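Everything on this sheet refers to the single structure shown next.
Chains as they are written, first to last, in our numbering: chain W, 4 to 106; chain P, 3 to 117.
Laid out in structure tokens, this is it:
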């Protein structure tokens, strides 16, 4: 797929920035997202390649503006929706609940 | 299948490796010159677009892996060799690229033709 993820050789994106003493996770939710890979990989039974392809399908502008683990979250949602574990409506309802201060 | 504690260390150590224990003959040997195919599917591929049509030299054979282009779509593992292939910066980016710079990229058998 010839998409925005295939950035090699593109100009104008600025230097690759290296962070001194970079932590494994910048936010606690990133650690939880990392752990979700193992559990969803095993019970949803997707392949690493399907996971990568899901990330390629993120809308191009959003892909560039979102972070590494946001890409992962998108791939989890895709894999789980595809297999009927969760629906878009359920995810949207949960997001709305959290935005409104819910737990 | 549910995730159990015994599964986790292996999964983390290999990064959910797609290595396949299949006896498949390699199409290329270390030292071979290859040309990358003009392979541009609308579906998943691990071939970076900037390699299409480029010449490179096989530097290492990693062994046999599931082919990402089919594996991503439930079309089977199509196990095949994956190589580290060396490309010169000038081959990739043209005459103004630094003369001595090279880049190594993982290339599957199905991405390349012999020269």
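Even glycine gets a Cβ: it sits at the ideal position worked out from N, Cα and C. Note that the structure is a prediction, hence the values are computed from the model and not measured.
Using the rule of at least 16 other Cβ atoms within 10 Å of the residue's Cβ for burial, across every protein chain shown, is residue 111 of chain P buried or exposed?
Residue 111 of chain P should be labelled buried.
With a threshold of 7 Å on Cβ separation, who are the neighbours of residue 67 of chain W within its own chain once the five nearest residues in sequence on each side are excluded?
Closer than 7 Å at the Cβ level, and outside the excluded window around residue 67 of chain W, lie 7.
Got a sec: which bits of the stretch 48-59 of chain P sit with their beta carbon under 7 Å from any beta carbon on chain W, in order along the chain?
Cβ contacts with chain W: 50, 51 and 52.
Could you check whether the Cβ of residue 41 of chain P sits closer than 8 Å to any Cβ belonging to chain A?
The displayed structure is made up of protein chains W and P, and chain A is not among them.
Can you tell me whether residue 115 of chain P is buried or exposed? The criterion is at least 16 other CB atoms within 10 Å of its CB, across all chains shown.
Counting Cβ neighbours within 10 Å, residue 115 of chain P comes out exposed, since fewer than 16 surround it.
Below 8 Å, how does it come out for the stretch 29-45 of chain P and the stretch 9-21 of chain P: are there three or more Cβ pairs, yes or no?
These segments do not touch.
Would residue 59 of chain W and residue 46 of chain P qualify as a contact pair, given that the criterion is a beta-carbon distance under 8 Å?
For residue 59 of chain W and residue 46 of chain P, yes; Cβs fall inside 8 Å.
Going straight from the alpha carbon of residue 70 of chain P to that of residue 96 of chain W, what length do you get?
Those two C-alpha atoms are separated by around 34 Å.
In whole angstroms, give me the CA-to-CA distance for residue 88 of chain P and residue 59 of chain P.
So the two alpha carbons sit approximately 5 Å from each other.
Closer than 8 Å, Cβ to Cβ, to anything on chain P: give me those residues from the stretch 55-68 of chain W, in chain order.
Per Cβ criterion, the list reads 55, 56 and 59.
Judging by CA-CA distance, which residue of P/62, P/3, P/83 and P/72 is the nearest neighbour of residue 26 of chain P?
Comparing Cα-Cα distances from residue 26 of chain P to each of P/62, P/3, P/83 and P/72, the minimum goes to P/83.
Considering only DSSP beta bridges, list what residue 85 of chain P is partnered with.
According to DSSP, which records beta bridges pairwise, residue 85 of chain P is partnered with P/63 and P/109.
Can we say the stretch 33-47 of chain W touches the stretch 70-85 of chain W, given the rule of at least three CB pairs closer than 8 Å?
The stretch 33-47 of chain W vs the stretch 70-85 of chain W: in contact.
Beta strand (DSSP E) containing residue 92 of chain P: first to last residue?
Unbroken run through residue 92 of chain P is the alpha helix (DSSP H), 91-95; no beta strand (DSSP E).
Just to confirm the assignment, what range does the alpha helix (DSSP H) spanning residue 95 of chain W have?
Start and end: 91-102.
Below 8 Å between beta carbons: does that hold for residue 3 of chain P and residue 104 of chain W?
Cβ atoms of residue 3 of chain P and residue 104 of chain W: not closer than 8 Å.
Can you name the residues that DSSP bridges to residue 38 of chain P?
The partner list for residue 38 of chain P (beta bridge, DSSP) reads P/114.
Along the chain, where does the alpha helix (DSSP H) that runs through residue 39 of chain W open and close?
Run containing residue 39 of chain W: 31-47, per the alpha helix (DSSP H) assignment.
Taking all protein chains shown into account, do 16 or more other C-beta atoms lie within 10 angstroms of the C-beta of residue 85 of chain P, making it buried, or fewer, making it exposed?
With 16 or more Cβ atoms within 10 Å of its Cβ, residue 85 of chain P is classed as buried.
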